[in-house]
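What follows is a single structure, written as structure tokens, with notes after it.
In the working numbering, the protein residues as written are 24 to 202.
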């Protein structure tokens with residue numbers, strides 16, 4: 024049905040095809056072709072979800088070519104096993120199934136970096152220049168609201184700073200030493 028077709032990428036049982044300026048996903052399992060998109064990006068080589076865009080708005084398609092998240096967000100980026108999405112300049116967090124975990128009210132959502140790599144069970148969140156953290160593996164909730172000038176993780180402790188004073192929080196969110 025294409026005048027010409029180019030194989031752009033292959034992921035799991037899905038192929039990305041280009042026809043003129045449009046991209047399509049072909050599912051060899053379902054033997055069907057997706058709707059056309061401006062961009063298609065696999066979340067990872069082993070994850071059967073694709074971030075797609077149409078008219079500079081982003082959504083999510085699964086390997087069955089079902090539109091899981093409509094193309095209505097300004098950005099969608101993978102972060103660990105979740106997706107960070109934005110509306111305007113605010114960011115939220117969702118699952119790859121499209122379930123909203125954090126509403127878009129944060130100016131930043133990022134991984135905690137340690138000397139050994141990212142700290143996977145917590146995400147750093149910021150709002151209006153203040154920092155807090157979200158526990159996404161153990162607690163599935165905002166554990167420390169963004170109210171600190173800085174927050175770092177070191178040797179099993181969260182070191183928080185507020186107004187030039189240092190505090191200490193353990194990984195169960197108990198303030199051992201207040202700022």
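Just so it is clear, CB atoms sit at the ideal spot from N, CA and C, and this is done for glycine as well.
Nearest to residue 169 by C-alpha distance, out of 180, 177, 154, 183, is 154. By the criterion of a C-beta distance shorter than 7 Å, residue 63 is surrounded in its chain by 39, 46, 48, 73, 75, once the five residues flanking it on both sides are discounted. Straight through space, the alpha carbons of residue 127 and residue 96 are spaced by roughly 10 Å.
Judged by DSSP in its simplified three-state form, residue 119 adopts coil rather than helix or strand. Shortest Cα-Cα distance from residue 111 to any of 103, 119, 99, 122 involves 99. In this structure, residue 50 sits away from residue 90, with a CB-CB distance that is not shorter than 8 Å. Put simply, the backbone Cα of residue 67 is about 21 Å away from that of residue 145. Judged by their CB atoms, residue 151 and residue 171 are not nearer to each other than the 8 Å cut-off.
Under the three-state reduction of DSSP, residue 151 is assigned to coil, being neither helix nor strand. Here residue 197 is exposed: its Cβ has fewer than 16 other Cβ atoms, across all protein chains shown, within 10 Å.
Separation of the CB atoms of residue 116 and residue 105 is rounded to 5 Å, and the pair is thereby assigned contact status at 8 Å. CA-CA distance, residue 148 to residue 164, rounds to 12 Å.
As computed with DSSP, residue 90 is found in a beta bridge with 84. It is roughly 10 Å from the alpha-carbon of residue 108 to the alpha-carbon of residue 102.
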